[in-house]
Amino acid sequence: MGLAGAEPGRKEAGAKDPEFLSTLERGLRVLKSFDEDHPEMTLSEVAAVTGLPPAVARRCLITLVELGYVGQHDRKFLLRPAVLTIGSAFLASMQIEQVVLPPLQVLRDQTGDSASLAVLAGADILYVAHVSTDRRFRVAAGVGTRFPFHATSLGKAIAAYLPDDERAALLSGAPFQRFTERTVTDRSALGERLQLITERGYDSALDELDYGIVSVAVPIFGRDKRVIASINCSTSTTRISQDELVRTRLPLLRATAGEIEATLRRWPALEAALKP
């Protein structure tokens with residue numbers, strides 16, 4: 001899924017900081033335009049995906065090639081391994097493996113489910129930590145994976161607890177993309193779903209992103225009581241029913257969320273980095 005467009009919650013052009021560097025923003029837009037759907041692109045394709053004039057896209061690509069983040073093959077541009085240093089720098093500097101992974105690994109071992117921690121990134125959720133089982137799904141998740149918030153329990157568990165104005169801005173993107181017959185795409189229905197989440201404290205998704213996947217998620221709150229992330233358990237519908245998943249996993253998820261929240265209070269930099 002493309003990430004080149006503007007993300008909800010970002011300031012409008014007239015409200016940008018006077019020191020905002022448009023050239024840097026354009027370069028990052030070009031870098032983020034490469035994804036599973038666009039692994040290789042010509043100059044004109046990059047310009048189309050990013051919405052940039054071809055001349056601007058060309059200068060950005062030339063710069064990224066010189067820096068080693070982008071390469072060329074048969075008149076097409078593609079990402080190079082150097083881009084991994086950007087993401088790995090975050091994981092290392094924030095000590096994700098030491099702080100977040102251990103409780104998720106315990107949760108996985110207790111349940112036999114995959115377990116993840118994600119944050120909101122525009123209208124998507126972004127996986128920051130993930131531990132999986134041997135089971136394989138058509139829709140695979142991993143660190144750095146993004147999915148539309150409305151089709152995941154992780155995303156809705158965060159969206160439900162956003163401030164009213166931020167939640168309204170997020171819902172303004174409706175109607176949303178439909179992935180299965182069970183995907184909630186309507187603004188009114190999604191708003192009702194988010195209200196239900198705030199009443200019961202969790203979200204559970206069945207066949208919403210892809211068929212055969214069931215999950216349950218709870219929010220993670222910062223010291224200021226604002227939502228900053230969410231964690232979930234996810235598994236195959238052949239293993240367990242949705243009701244049984246909620247009944248057996250929810251107490252474990254809430255205990256894990258509490259452990260992560262307590263840990264984040266000792267790591268204020270990581271908490272600040274995770275905030276929407």
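Going by full-length UniProt numbering, the letters in the sequence shown line up with residues 1 to 276, in that order. Note that CB positions come from ideal geometry on N, CA and C, so glycine has one too. Bear in mind that the values here come from a model prediction, so they are computed numbers and not experimental data.
Annotation for R249: T111, D113, V216 and C233 place their beta carbon closer than 8 Å to its own, counting only its chain and skipping 5 residues before and after. F77 is bridged by DSSP to M41 and Q72. Shown here, P148 sits in a strand according to DSSP, grouped into three states.
Note that the C-beta distance between K76 and T42 is below 8 Å. The DSSP-derived three-state label of L107 is helix.
If you draw a straight line from the Cα of G142 to the Cα of R59, it comes to about 32 Å.
Of the residues assessed, E271 falls on the buried side of the cut-off, its CB having 16 or more other CB atoms within 10 angstroms. Counting along the chain, the unbroken alpha helix (DSSP H) around D164 starts and ends at D164 to L171. Burial check for D243: the Cβ neighbour count within 10 Å stays below 16, so the residue is exposed. In this model, D203 and G258 are separated by some 17 Å (Cα to Cα). With respect to the 8 Å criterion, A115 and L107 are classified as neighbours on the basis of their beta carbons. Its chain contains P148, H150 and T185 as the residues whose beta carbon lies nearer than 7 Å to that of F176, once the 5 sequence neighbours on both sides are disregarded; these appear in chain order. Under the DSSP definition of a beta bridge, Y127 partners with A118. For A57, the enclosing alpha helix (DSSP H) has its first and last residue at P54 to L67. Burial of F179 is indicated by the presence of at least 16 other C-beta atoms within 10 angstroms of its C-beta.
Annotated three-state conformation of P219 is strand, per DSSP. Here the alpha carbons of A255 and Q105 stand approximately 13 Å from one another. For H73, the number of other beta carbons within 10 angstroms of its own is below 16, and it is reported as exposed. Looking at the DSSP output, L209 sits in no beta bridge, so it has no partner there. Leaving aside the five residues that flank Y161 on each side, the residues in its chain whose CB is nearer than 7 Å to its CB run, in chain order, T198, P219 and V227. If you look at S88, you'll find it in the alpha helix (DSSP H) that goes L84 to S93. Taking 8 Å as the cut-off, the beta carbon of S153 is found closer than this to the beta carbon of A205.
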